[in-house]
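Take the first sequence: its position 274, counted from the start at 1, is 274 in full-length UniProt numbering, and no numbers get skipped. A virtual CB, placed ideally from N, CA and C, is assigned to each residue, including glycine. Data block below; observations after.
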Amino acid sequence: MDASVQEIPERLLGWYDNHARSLPWRAPPGLPAPDPYRVWLSEVMLQQTTVAAVQAYFAKFTQRWPTVMDLAAADDADVMSAWAGLGYYARARNLLACARAIAARGGAFPDTEAELRALPGLGDYTAAAVAAIAFGRRAVVIDANVERVVARLFAIDTPLPAGRKAIRDAADHITPDDRSGDFAQAMMDLGSAICTSRSPHCLLCPLSAACRGKEAPERYPVKPAKKAKPQRGGTAFWIERDGEVWLMRRADKGMLGGMRALPDDGWNARADGNGEPPLAGEWQAAGQVEHTFTHFHLSLSLRLYSGSVHARTANDDGEWWPVTRLDEAGLPTLFAKAARLALALRRDD
DNA sequence: TAACCGTGGTG
DNA sequence: TCACCAAGGTT
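In structure tokens:
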């Protein structure tokens, strides 16, 4: 093996000792691990989500639910509302399920990767990350940063996903027995600040001497082409009475599952909505909201009910919500946009 | 295996 | 402006 490859862990940890980002869920390099609850919570929030987006949510959750026992005892609706805006809402449902599983075993997280992997919402990455960061276990932690850094270090040009086997073997090879949590976080910091996806800064990289891909780093890893996102259309409905608006609770499975929402006409990723309002009467057009999800674009028409509303609007799962407290309803971003539009229109009246 | 599942930043 | 991207997991 190339001598420079053997030096990777030491070089990277040396860089990390001086350049580690200071984050609320992280212990400074070399210091004792933070509370496993905070490590786990941050890792789940950080799945496919930027550090900048997570910061405020992490502060809110840890202030409101300081321990995993507190979180386990929370109401589902409160947790879903607190997660609103962060996206990938299955994470919040799994977060609660996991917290309750931990509470059922006394409040202590398991300290091995295999046991962690069996918990809801913890896949290969998160189980390895928590085992390494919170419990000091040696684990091969592979996220998109590590994937990119390792593919470049070893010039692995097998297209993903097939290339993941070689990437994992290489990552395993350079993961040290000691400080594997710091090593994982160092790889992620390096990927975030130096070995970035679009414009890597090889001149600043502590691993450039060992890097076989530095001549053309943007070549790695080789990714498959993305599918085009279809354009869909749908309608959301604003029904207001006595300063309250009718909100639904979406089904647990599928898009925006478990979240509060405006009633809609059944639009989804595969089909436009049918345009049918939830109750008969007079409706007025209130404009459009454009929103892009992971796999499709949506042009949402907002319609306002202009008739009188009886006590019961629909026989579905819903509730009247005070318009002045809409920011507390925990609407996902699409419906928060629609609500903003409706409120702007009201003010103009 | 591949489709599904949010959102905000960015080059 | 817009396609790409991010500390992925589930089915």
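In the three-state reduction of the DSSP assignment, Tyr37 falls in the helix class, which pools H, G and I. Glu276 counts as exposed, since fewer than 16 other C-beta atoms from the protein chains shown sit within 10 angstroms of its C-beta.
Residue burial is scored here from C-beta neighbours: Gln48 has fewer than 16 other C-beta atoms within 10 angstroms and is therefore classed as exposed. Secondary structure at Gly257: coil, using DSSP grouped into helix, strand and coil. Every alpha helix (DSSP H) stretch that sits fully inside the stretch 66-154 and reaches 4 residues is listed by chain position as 68-72, 76-83, 90-104, 113-117, 124-135, 144-153. Secondary structure note for Thr62: its alpha helix (DSSP H) is the uninterrupted segment 51-64. Counting along the chain, Phe237 sits inside no alpha helix (DSSP H); it lies in the beta strand (DSSP E) bounded by residues 231-238. Residue nearest to Ala132 within the set Ala170, Ala103, Pro263, Gln185 is Gln185 (criterion: CA-CA distance). Of the candidates Arg38, Leu160, Ala251, Gly281, the residue whose Cα lies closest to the Cα of Phe109 is Arg38.
In the three-state scheme derived from DSSP, where H, G and I count as helix and E and B as strand, Asp252 is classed as coil. Counting only the Cα atoms, Asp111 lies some 13 Å from Leu122. Annotated three-state conformation of Ser199 is coil, per DSSP. Annotation: Gly287 is outside any alpha helix (DSSP H); the continuous beta strand (DSSP E) that includes it extends over 283-292.
The beta carbon of Gly287 sits closer than 7 Å to the beta carbons of Leu302, Leu341 from its chain, once the five residues preceding and following it are set aside; these are given in chain order. The alpha-carbon separation between Asp182 and Gly258 amounts to approximately 36 Å.
Apart from the 5 residues on each side of it in sequence, Lys337 sits with its Cβ closer than 6 Å to the Cβ of Val289 in its chain, given in chain order. Boundaries of the alpha helix (DSSP H) harbouring Arg168: 164-174, taken from the DSSP string. Under the three-state reduction of DSSP, Asp242 is assigned to coil, being neither helix nor strand.
DSSP places Arg303 inside the beta strand (DSSP E), whose first and last residues are 297-305. Here DSSP, grouped into helix, strand and coil, assigns Glu276 to coil. For Trp15, there is no enclosing beta strand (DSSP E); the residue is part of the alpha helix (DSSP H) that begins and ends at 8-19. When secondary structure is reduced to three states using DSSP, Pro322 falls in the strand class. Ranked by Cα distance from Glu218, the options Glu282, Ala162, Val149 are led by Val149. Excluding sequence positions up to five before and after Glu43, its CB lies within less than 7 Å of the CB of Thr126, Ala129, Val130, all in the same chain and listed in chain order. When the alpha-carbon of Arg179 is set against those of Ser208, Asp172, Leu160, Arg138, the nearest one is in Arg138. If you compare the alpha carbons of Ala27, Gly107, Trp40, Ala155 with that of Ala216, the shortest gap goes to Ala155. Across the set Gly106, Ala97, Phe135, the C-alpha of Ala97 shows the shortest separation from the C-alpha of Ala118.
Under a 10 Å Cβ-count criterion, Ala236 is classified as buried, with 16 or more other Cβ atoms of the shown protein chains found around its own Cβ. Pairing Val51 with Leu203, the inter-Cα distance amounts to about 24 Å.
Between the beta-carbon of Pro200 and that of Arg11 there is about 17 Å, and that puts the pair past the 8 Å contact cut. Apart from the 5 residues on each side of it in sequence, Ser81 sits with its Cβ closer than 8 Å to the Cβ of Arg260, Glu328, Ala329, Gly330 in its chain, given in chain order. For Trp267, the closest alpha carbon among the candidates Trp283, Arg250, Gly281, Leu279 is that of Arg250.
Leu334 counts as buried, since no fewer than 16 other beta carbons sit within 10 angstroms of its beta carbon. For Leu207, the secondary structure class from DSSP, reduced to helix, strand or coil, is coil. Collapsing the DSSP output to three states places Asp189 in a helix. DSSP lists Ala236 as the bridge partner or partners of Asp264.
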